[in-house]
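Residue numbers (the numbering used here), protein chains in the order written: chain A, 62 to 467; chain B, 2 to 374.
Don't be surprised by glycine CBs; every beta carbon is placed ideally from N, CA and C.
Since the model is a prediction, treat every value here as computed from it, not as a measurement.
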Amino acid sequence: MKRYRLLALLVITATLLPLCGGCLGPTSLDEYGYVLTIGVDQGKQKKFNISFLLQKEGDSQEAQTGAGSYIIAAEGDNLFDALLIAHVGVPYELNFTRTNFIAFSDQVASSSLMNEFLSISFNAVKIRQSAKLVIIQGSCVEYMEGLASTDIPNVAKRQYSHFQTYEQEGVIPLTNFTTYQEAIRTGRFDIAIPVGRLDRSIPTEDGSEEAKQQGEEQQTNEKDTTDGVKRIGGLRSYLHGSALFDGDRLAGLLDDEDTEILLLALGEFENGSIRISDEEGTVTFLLKANGEPKVQMNLGDTPHAAMQLTLYAEIELDTAGNAEERWDSTLKAALEEYIENELARVFAACKALNSDAMRFGRYACMQFSSDAAWQDYVWKQKYKQMTAEFSVAIHLDYRAISAHVE
Amino acid sequence: MNLCQGRIGKQEGASLAGIALVSSAVFVLDIGETYRYGNGTYIAFPGAIFLAFMLFLLLAEAMRISGKKDLIELVDYAVGKFAGNLFVAILCALLLVNAYCLLSRFSTMVHALVYMKTTPFPVLLWIVPVVVYIAFRGFECVARMAKCFGLLLGVALLLELLIPMRGYEAYRLFPLPTEHFDAIAADAFSGMFATGPALLAILCMARGLQGVRSAKSAGTIGALISIALVALTQLAIGLTYTSTELKSIFVPLYRLNLKLVQESYFFRLDKLALFAWLIGAIIASAYYLYGGASLFCRRWSRYDIRPAVIALGVILLCVLAAERAWQYNMVQTAFSFVQRYGSWMLIVPFSAIAVIALIKTHFMKRRHMNETV
Chain A
62 MKRYRLLALL VITATLLPLC GGCLGPTSLD EYGYVLTIGV DQGKQKKFNI
112 SFLLQKEGDS QEAQTGAGSY IIAAEGDNLF DALLIAHVGV PYELNFTRTN
162 FIAFSDQVAS SSLMNEFLSI SFNAVKIRQS AKLVIIQGSC VEYMEGLAST
212 DIPNVAKRQY SHFQTYEQEG VIPLTNFTTY QEAIRTGRFD IAIPVGRLDR
262 SIPTEDGSEE AKQQGEEQQT NEKDTTDGVK RIGGLRSYLH GSALFDGDRL
312 AGLLDDEDTE ILLLALGEFE NGSIRISDEE GTVTFLLKAN GEPKVQMNLG
362 DTPHAAMQLT LYAEIELDTA GNAEERWDST LKAALEEYIE NELARVFAAC
412 KALNSDAMRF GRYACMQFSS DAAWQDYVWK QKYKQMTAEF SVAIHLDYRA
462 ISAHVE
Chain B
2 MNLCQGRIGK QEGASLAGIA LVSSAVFVLD IGETYRYGNG TYIAFPGAIF
52 LAFMLFLLLA EAMRISGKKD LIELVDYAVG KFAGNLFVAI LCALLLVNAY
102 CLLSRFSTMV HALVYMKTTP FPVLLWIVPV VVYIAFRGFE CVARMAKCFG
152 LLLGVALLLE LLIPMRGYEA YRLFPLPTEH FDAIAADAFS GMFATGPALL
202 AILCMARGLQ GVRSAKSAGT IGALISIALV ALTQLAIGLT YTSTELKSIF
252 VPLYRLNLKL VQESYFFRLD KLALFAWLIG AIIASAYYLY GGASLFCRRW
302 SRYDIRPAVI ALGVILLCVL AAERAWQYNM VQTAFSFVQR YGSWMLIVPF
352 SAIAVIALIK THFMKRRHMN ETV
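The structure is reproduced here in structure tokens:
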């Protein structure tokens with residue numbers, strides 16, 4: 062009897078196992094269109110024009126021959142409306158589990174529309190709340206088109222290169238949706254979001270005569286550059302600088318150098334180059350941050366912050382060839398003073414935009430003994446009168462110099 | 002009477018107590034209301050386990066001194082069988098309420114976070130029968146499952162806390178609720194309704210744990226480990242989200258990774274973690290269900306425990322289904338009542354029982370000594 066029972070159990074298990082493995086309802090990868098980026102522009106018929114940058118998986122003909130990425134766009138009053146329309150035209154299901162970026166045009170970000178769009182339930186379409194936010198100068202659809210490249214068919218790979226830009230060059234901040242929500246809900250700080258731009262002098266890759274002609278025409282336009290510098294090759298779209306927010310609205314933009322300074326104050330700076338020129342020559346330093354800055358806040362009607370920052374410097378380029386000798390006598394003080402002045406300037410720029418992008422509110426809230434007292438203080442009102450002083454200590458990395466001398 | 006109790010050792014008992022305490026404290030107690038004055042949950046929740054542990058030690062000591070073999074015997078010894086019925090009924094009800102709370106929370110989690118395209122009832126049908134089956138197989142089965150998964154679940158939880166470490170920021174713990182220690186203490190006390198039954202059930206099944214001494218050691222190990230794990234978990238949650246955000250976040254533990262900006266697919270383990278916690282919740286619920294059925298059978302039925310387990314399982318399923326279908330407000334009102342008064346119903350009568358038992362034993366020993374002299 063016991064043997065029969067065991068046999069019956071095995072048969073039942075063997076019958077149920079294929080169910081658990083999905084054998085009865087298999088779904089292959091190419092039945093999904095993986096949305097890697099969502100772009101949100103202002104619509105004409107409806108509130109939003111929502112575009113989806115897709116990476117098609119599987120052995121489809123397009124994946125082998127084409128760029129492997131597609132853009133689908135539809136208008137709608139919210140994401141679900143646009144999805145309804147977009148789904149009609151594709152033979153697969155849009156899947157948002159791999160969505161890494163949500164891009165907003167500067168027009169949408171300057172209004173309440175951005176917050177309205179982000180108030181949807183991310184869970185309903187399985188968008189991960191850690192998706193990064195990007196502000197696009199111009200149109201998101203154009204920006205996405207600028208990302209298409211036959212050389213680099215994998216869009217996800219291109220997206221991960223943004224992390225490298227963040228880590229190795231320090232010219233863009235990274236902000237995800239969860240941090241945006243924290244800033245909006247708690248009012249402790251404001252966010253800085255990377256800015257996506259388009260270099261129209263770079264020709265499109267669709268190869269059509271019209272496009273080539275368009276590219277040639279645009280190469281002559283002096284304004285179409287990569288942050289003011291001529292570039293040949295690469296993608297039309299790039300990330301540079303940051304967009305500062307005042308609450309849920311875009312308040313203004315910072316260029317890449319100002320963004321480096323902002324990241325220094327945030328304690329998010331990893332590496333970045335800085336150049337000092339005087340009558341003896343030009344020295345380019347690679348700066349490395351050493352932990353988070355130390356901030357002392359004095360609260361009152363006019364809050365005052367004292368920020369101390371420690372950095373390490375390596376000499377990357379020395380035209381006079383005597384930077385090491387001049388370090389203690391002139392260069393150290395000059396570099397420290399330069400960064401202190403830059404920090405003060407960027408702080409003033411942030412304050413002028415009423416954006417606590419340096420996140421001094423994080424330190425201010427630590428001086429309260431209850432949540433209610435903090436709420437009553439109304440940080441953003443006090444921030445308008447806030448003053449700050451910055452002191453920077455830079456140590457030369459001699460070990461790097463000795464390794465540098467070949 | 003067939004209680005399907007069997008015999009288990011200290012490791013099984015400690016794992017069982019640990020899993021039940023961590024599941025209840027982290028998932029049942031963690032609701033928006035606990036963040037109304039700021040975040041003090043990393044003190045309040047371990048505090049709730051600590052208070053339950055104190056009650057557990059008091060009762061275990063009373064059992065040892067009075068020579069009673071389990072909690073029901075102690076209750077009868079202290080207040081008699083008639084009044085004892087009330088106390089056993091309270092504990093039985095609280096065990097079932099805890100099973101309900103855990104299952105309700107987890108079925109909502111699985112439905113809202115994984116299977117959102119289905120209705121909640123199929124999710125319930127997928128979870129509750131497993132719980133009933135494990136409880137049906139008896140105490141030994143529940144405890145051995147707890148031993149199998151205990152260490153694994155503990156390590157998984159610690160990993161879940163370690164992976165998002167780069168996203169932790171100390172400022173999110175501020176403002177510290179230094180002006181609200183009374184509220185933290187009140188939360189710790191009221192949280193006992195979720196932590197107390199797990200430890201008292203160990204004493205009810207002390208015979209299956211090879212006696213009071215062994216049950217006491219198992220409960221102590223389980224309680225101390227769970228205090229550490231719950232404190233670490235709540236601290237990690239506090240370092241990731243501010244109290245303002247936590248007021249409206251459903252299951253913040255599930256969202257610890259989301260603050261990381263440099264996230265990769267390696268960090269996308271939340272769904273795996275959810276299923277690991279679900280295993281813990283299933284074991285804990287089976288333990289509560291078995292505990293409730295065991296108390297019911299020993300007090301009011303002389304027959305097999307298995308029909309009682311099935312009957313209580315069906316009632317549980319009906320309440321869970323009713324909550325999701327049409328009786329949400331009624332079930333929530335009942336839950337609020339237990340949340341508010343559950344700890345009082347637990348600590349006052351059972352502390353009194355321990356004290357009465359100790360006094361009675363003292364006088365009986367004295368009388369016995371006088372008679373001997």
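How would you list, in chain order, the residues of chain B whose beta-carbon sits under 8 angstroms from the beta-carbon of residue i?
| i | result |
| --- | --- |
| ASP432 (chain A) | TYR38, GLY39, PRO176, PRO178, SER244, THR245 |
| LYS193 (chain A) | VAL262 |
| THR247 (chain A) | THR243, THR245, GLU246 |
| MET368 (chain A) | Within 8 angstroms Cβ-Cβ: nothing; MET368 (chain A) doesn't reach chain B, min ~15 angstroms. |
Quickly, what does DSSP pair residue i with across the bridge? List them, please.
| i | result |
| --- | --- |
| ASP307 (chain A) | A:ARG310 |
| VAL453 (chain A) | A:LEU370 |
| MET419 (chain A) | BP columns for MET419 (chain A) are empty, so no partner. |
| GLU154 (chain A) | A:TYR93 |
| HIS365 (chain A) | A:ASN359, A:THR448 |
| GLU136 (chain A) | A:ASN110 |
| ILE376 (chain A) | A:PHE346 |
| PHE165 (chain A) | A:VAL101, A:ILE196 |
| ARG406 (chain A) | Beta-bridge pairing links ARG406 (chain A) to no other residue. |
| ALA253 (chain A) | A:LEU305 |
| ILE337 (chain A) | A:VAL344 |
| TYR299 (chain A) | A:ARG258 |
Keeping to the same chain, check which residues put their C-beta closer than 6 angstroms to that of residue i; ignore five residues upstream and five downstream.
| i | result |
| --- | --- |
| THR371 (chain A) | ASN351, ALA454 |
| ILE226 (chain B) | GLY19 |
| VAL332 (chain B) | GLU324 |
| ALA184 (chain B) | TYR38 |
| THR42 (chain B) | THR35, GLN235 |
| LEU179 (chain A) | none |
| ASP138 (chain A) | LYS107, LYS108 |
| ASP142 (chain A) | none |
Residues of chain B with a CB under 7 angstroms from the CB of residue i: which are they?
| i | result |
| --- | --- |
| ALA185 (chain A) | MET117 |
| TRP435 (chain A) | PRO176 |
| ARG423 (chain A) | TYR172 |
So, at 7 angstroms on beta carbons, what are the nonlocal neighbours of residue i in its own chain, with the 5 sequence-adjacent residues on each side left out?
| i | result |
| --- | --- |
| ASN371 (chain B) | none |
| LEU26 (chain A) | For chain A, the structure presents residues 62 to 467; residue 26 (chain A) sits outside this window and is missing. |
| LEU174 (chain B) | ASN40, GLY239, LEU240 |
| THR74 (chain A) | none |
| PHE157 (chain A) | VAL96, VAL186, LYS187, ILE188 |
| GLY209 (chain B) | GLN6, GLY7, ARG8, ILE9, PHE140 |
| ARG420 (chain A) | PHE250, LEU327 |
| ALA79 (chain B) | ILE354, ILE357, ALA358, LYS361 |
| GLY295 (chain A) | ILE263 |
Apart from the five residues just before and just after residue i, which ones in its own chain have a Cβ nearer than 8 angstroms to its Cβ?
| i | result |
| --- | --- |
| ALA69 (chain A) | none |
| MET206 (chain B) | GLN6, ASP71, PHE140, ALA216, GLY292, SER295 |
| LEU321 (chain B) | TYR101, LEU104, SER105, SER108, LEU125, VAL129 |
| GLU270 (chain A) | The pLDDT assigned to GLU270 (chain A) is 49, lower than 50, so where the model puts this residue is not dependable; a value taken from the coordinates is nonetheless given after this. If we look at GLU270 (chain A) and ignore the five residues flanking it on each side, it has no Cβ neighbours. |
Please list, in chain order, the chain B residues whose beta carbon lies closer than 9 angstroms to that of residue i.
| i | result |
| --- | --- |
| LEU179 (chain A) | Within chain B, no residue comes near LEU179 (chain A); the closest Cβ sits about 14 angstroms away, beyond 9 angstroms. |
| THR470 (chain A) | Because residue 470 (chain A) is not part of the residues shown, which for chain A are 62 to 467, the question remains open. |
Beta carbon of residue i: closer than 7 angstroms to some heavy atom of the ligand GTP?
| i | result |
| --- | --- |
| PHE107 (chain B) | Only the bare structure without any ligand can be found here, which leaves the ligand GTP out of the picture. |
For residue i, go through chain A and note every residue whose CB falls closer than 9 angstroms to its CB, in chain order.
| i | result |
| --- | --- |
| LEU114 (chain B) | ASN184 |
What in chain A is Cβ-close to residue i, meaning under 8 angstroms?
| i | result |
| --- | --- |
| TYR169 (chain B) | Within 8 angstroms Cβ-Cβ: nothing; TYR169 (chain B) doesn't reach chain A, min ~13 angstroms. |
| ARG256 (chain B) | GLN190, THR239 |
Identify the contact partners of residue i in chain A, using a Cβ-Cβ distance below 7 angstroms as the criterion.
| i | result |
| --- | --- |
| TYR43 (chain B) | In chain order: nothing, as chain A lies at least about 16 angstroms away. |
| TYR291 (chain B) | Residues of chain A passing the Cβ test: none, with the nearest at roughly 23 angstroms. |
Please confirm if the stretch 191-210 of chain B is in contact with the stretch 121-136 of chain B, defined as three or more CB-CB distances below 8 angstroms between the two stretches.
-> no
Any chance the stretch 239-259 of chain A sits against the stretch 332-352 of chain A, with 3 or more Cβ pairs inside 8 angstroms?
-> no
Every unbroken alpha helix (DSSP H) inside the stretch 97-184 of chain B [4 residues or more] = 121-137, 140-163
Run through the stretch 35-81 of chain B for me and flag every whole alpha helix (DSSP H) of 4 or more residues, listed as ranges in chain order.
-> Qualifying alpha helix (DSSP H) stretches, in chain order: 42-67.
Between the stretch 357-366 of chain A and the stretch 315-322 of chain A, do three or more beta carbon pairs fall short of 8 angstroms?
-> Proximity of the stretch 357-366 of chain A to the stretch 315-322 of chain A falls short of the contact definition, fewer than three beta-carbon pairs being nearer than 8 angstroms.
Does the count of Cβ pairs from the stretch 62-71 of chain B and the stretch 358-367 of chain B closer than 8 angstroms reach three?
-> yes
Along the chain, which unbroken stretches of the alpha helix (DSSP H) at least 4 residues long are found entirely within the stretch 205-268 of chain B?
-> 213-241, 244-247
Hey, is the stretch 437-450 of chain A in contact with the stretch 408-424 of chain A, meaning 3+ C-beta pairs nearer than 8 angstroms?
-> yes
Inter-stretch contact (C-beta, 8 angstroms, three-pair minimum) for the stretch 147-157 of chain A and the stretch 81-100 of chain B = no
Counting Cβ pairs closer than 8 angstroms, one from the stretch 161-168 of chain B and one from the stretch 243-260 of chain B, do we hit at least three?
-> Short answer: they touch.
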